[in-house]
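Chemist: Numbering (this note's numbering), first residue to last: 13 to 621.
1. Roughly how many angstroms separate the alpha carbons of residue 226 and residue 136, rounded to a whole number?
2. Would you list the residues sitting across from residue 311 in a DSSP beta bridge?
3. Going by the beta-carbon positions, is the gap between residue 31 and residue 37 smaller than 8 Å?
4. In the DSSP output, what is residue 187 paired with across the bridge?
5. Of the choices 347, 332, 346, whose alpha-carbon is the least far from that of residue 340?
6. Tell me whether residue 616 sits in a helix, a strand or coil according to DSSP, three-state version.
7. Taking contact to mean at least 3 C-beta pairs separated by less than 8 Å, is the region 236–244 in contact with the region 335–351?
8. Would you mind listing the alpha helix (DSSP H) stretches within the region 137–175 that are 4+ residues and don't spill past its ends, in chain order?
9. If you count every other CB in all the chains shown that lies within 10 Å of the CB of residue 65, and 16 or more means buried, which is it?
10. Could you tell me if residue 14 is buried or exposed, where buried requires 16 or more neighbouring beta carbons within 10 angstroms of its beta carbon?
11. Helix, strand or coil for residue 338? Go by DSSP, reduced to three states.
12. Which same chain residues, not among the five before or five after residue 257, have their C-beta less than 7 Å away from its C-beta?
13. What are the start and end residues of each continuous alpha helix (DSSP H) run of 4 or more residues lying completely inside the region 66–146, in chain order?
14. With residue 378 and residue 557 assumed to form a contact (beta carbons below 8 Å), what rounded beta-carbon distance in angstroms separates them?
15. Following the continuous alpha helix (DSSP H) through residue 640, name the residue where it begins and the one where it ends.
16. Using 10 angstroms around the beta-carbon of residue 515, count the other beta-carbons present and answer buried if the total reaches 16, otherwise exposed.
17. Which residues does DSSP list as the beta-bridge partners of residue 207?
18. Are there 16 or more other CB atoms within 10 angstroms of the CB of residue 608, so buried, or fewer, so exposed?
19. For residue 459, which residues from the same chain have a beta carbon less than 6 Å from its beta carbon, with the 5 sequence-adjacent residues on both sides left out?
20. Measuring CA to CA, which of 150, 61, 115, 96 is closest to residue 83?
21. May I ask you to report which of helix, strand or coil DSSP gives residue 408?
22. From the DSSP output, in three-state form, read off residue 479 for me.
23. List the residues that DSSP assigns as beta-bridge partners of residue 512.
24. Rounded to the nearest angstrom, what separates residue 248 and residue 501 at their Cα positions?
25. Is residue 296 helix, strand or coil when you go by DSSP?
26. Please specify which runs of the alpha helix (DSSP H), each continuous and at least 4 residues long, are wholly inside the region 413–475, giving them in chain order.
27. Please report how far the alpha carbon of residue 479 lies from the alpha carbon of residue 429, in whole angstroms.
28. Could you check what DSSP says for residue 260 in three-state terms: helix, strand or coil?
29. Taking the alpha-carbon positions, what's the residue 182 to residue 144 distance?
30. Got a sec? Which residues, its chain only, sit under 6 Å from residue 491 by beta carbon, not counting five neighbours each side?
31. Got a sec? Which residues, its chain only, sit under 7 Å from residue 128 by beta carbon, not counting five neighbours each side?
32. Does DSSP put residue 182 in a helix, in a strand, or in coil?
33. Taking only three categories from DSSP, how would you classify residue 332?
34. Among the candidates 187, 573, 549, whose CA atom is the shortest distance from the CA of residue 170?
35. Let me make sure I understand the geometry here. Which of 450, 363, 357, 212 has the alpha-carbon closest to that of residue 410?
36. Determine contact between the region 308–316 and the region 199–217, defined as no fewer than three beta-carbon pairs at a distance below 8 Å.
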């Protein structure tokens with residue numbers, strides 16, 4: 013604890029007042045500051061050199077060599093993935109390869125494809141894809157993803173805008189146990205000095221800043237907790253607004269009721285907090301200091317999934333540190349700006365569901381002698397859809413909440429497209445459209461298209477715009493937007509960028525009018541998009557996760573004993589185990605106690621099934 017309250021970085025005005033008798037001290041300090049050159053850490057992306065076969069080391073330009081090899085692998089994979097390889101598919105591949113070549117990202121694809129293949133070779137379960145990367149046919153052909161983008165109308169430009177250079181972002185799910193093995197492979201391949209985890213900086217939130225200041229000022233714990241409890245629990249609450257913003261609309265614009273939507277009891281607590289803030293005791297001092305400190309960095313952590321792979325020793329590129337709970341270095345630049353330093357971030361995520369699938373398949377093979385390839389299971393399996401229609405999804409991925417089960421029983425999904433849509437719709441905002449989606453599927457509400465041309469991209473969602481990709485495709489079809497412009501529109505709608513939207517609206521209306529469409533109808537389409545597009549979901553991600561969900565439902569429907577054993581084996585607390593034991597009971601599966609003759613190290617199906 014400091015001896016007084018002067019131990020902080022003072023403002024220029026405060027320092028000038030302190031040194032009023034020797035102003036030249038301030039002037040000399042300013043002279044030193046003025047001579048400091050700006051150090052710009054920003055640099056172009058640096059990728060590690062991916063080792064190529066000698067036959068592809070033919071150009072002086074390493075990027076061109078990597079692109080030639082990527083093209084070779086892509087075409088090799090395309091002939092396996094697509095039979096026949098139609099001109100339309102070849103055109104899509106050529107477009108993607110050209111964009112990757114122009115942006116210089118061939119090495120990135122090779123690196124990601126390599127460690128994913130290494131994971132599979134080691135027996136690690138790898139997810140079918142995640143995020144917008146599943147929109148890339150190149151990624152599909154070289155095995156990074158396992159979802160056909162053309163079949164599901166997924167867009168490459170949602171992943172890489174051909175008209176705006178932006179970093180690719182391929183996140184990959186691995187089974188929990190296998191994730192570290194893949195990271196170890198990367199460290200072995202590129203060297204420990206070139207691979208690091210990424211720092212995170214925790215900041216003082218509203219309640220924490222109060223508690224921290226109270227502790228330093230020796231406010232009793234009970235009073236500290238009392239002050240903190242007066243701050244509303246809503247995520248994102250800012251102490252500065254709680255203490256000073258208008259409370260209701262009557263008090264002024266941008267009120268707490270209007271923006272935060274606080275309940276009446278929260279507003280009562282805010283008023284109590286303000287009374288204390290305006291006092292002159294130690295509680296008021298705590299609140300004033302907490303207000304100043306809110307948002308300050310409080311602690312560091314390690315990003316749960318982010319890994320960077322550098323082209324040379326990291327100490328030549330950016331600051332790093334060691335950490336007691338990591339064998340790798342930790343960058344001291346955060347993930348959201350680390351790419352400005354010239355290194356690229358890749359997310360290695362552990363997904364428990366993949367561990368469950370892996371265990372279930374092992375149990376099925378042991379008990380039935382059947383080896384199932386989940387990538388080849390039929391997507392029109394009757395038993396699986398019957399399970400969804402009954403809402404019996406406990407233990408399956410993404411579809412097990414009570415609310416989702418209710419909607420599944422009402423929807424009665426019978427196509428994979430229904431599952432993709434439900435995965436996208438069951439989120440805050442678009443959830444309000446689910447009843448309309450259900451009514452349209454069952455003919456209780458007419459499916460209408462503002463323009464007949466829209467049916468091509470909206471028929472699978474019964475005329476409702478569910479995905480960002482639908483807006484992108486329709487803007488191209490109706491108004492002649494380029495692929496890059498369609499992606500700019502998608503971003504602007506998602507982030508409510510009014511200035512961009514105003515400019516693009518006139519472009520959309522004029523472009524579509526030139527194609528013979530009615531201006532009033534176009535105005536309605538645009539208004540509908542502006543209302544819903546902020547909620548529209550990434551179809552690439554929804555498709556990938558709907559596929560993983562379907563795999564879990566398929567195993568539950570066909571091999572219930574083995575699947576539930578796997579689910580139970582991967583639960584971390586007794587409450588979850590008890591819940592899933594009850595689910596087994598509902599399914600007619602007996603869960604027996606340990607048996608010295610039959611039991612293994614976890615839950616398993618015995619000889620009687």
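Every residue, glycine too, gets a C-beta built ideally from N, C-alpha and C.
Modeler: On the basis of the supplied data:
1. 49 Å
2. 214
3. yes
4. 363
5. 332
6. coil
7. The answer is no - the region 335–351 does not touch the region 236–244, with fewer than three Cβ pairs under 8 Å.
8. Here the runs fully enclosed are 149–153.
9. Classification of residue 65: exposed, given that the 10 Å Cβ count is below 16.
10. exposed
11. strand
12. For residue 257, where only same-chain residues beyond five positions count, the Cβ hits under 7 Å are 266, 267, 268.
13. For the region 66–146, whole alpha helix (DSSP H) runs of length 4 or above, ordered along the chain, are 74–93, 99–115, 118–133.
14. About 28 Å; that fails the 8 Å criterion.
15. Since the first residue of the chain shown is 13 and the last is 621, residue 640 is not available in this structure.
16. Burial check for residue 515: the Cβ neighbour count within 10 Å stays below 16, so the residue is exposed.
17. 321
18. exposed
19. 452, 474, 475
20. Considering only alpha carbons, the answer is 150.
21. coil
22. strand
23. Bridge partners of residue 512: none, in fact.
24. Approximately 27 Å, taken between the alpha carbons.
25. Judged by DSSP in its simplified three-state form, residue 296 adopts helix.
26. Runs found: 414–423, 428–437, 446–453, 467–470.
27. Near 12 Å, if we compare the C-alpha coordinates of residue 429 and residue 479.
28. coil
29. 8 Å
30. 520, 523, 524
31. 138, 155, 156, 184
32. For residue 182, the three-state secondary structure derived from DSSP is coil.
33. The answer is strand: DSSP assigns residue 332 an E or B state.
34. 549
35. 363
36. yes
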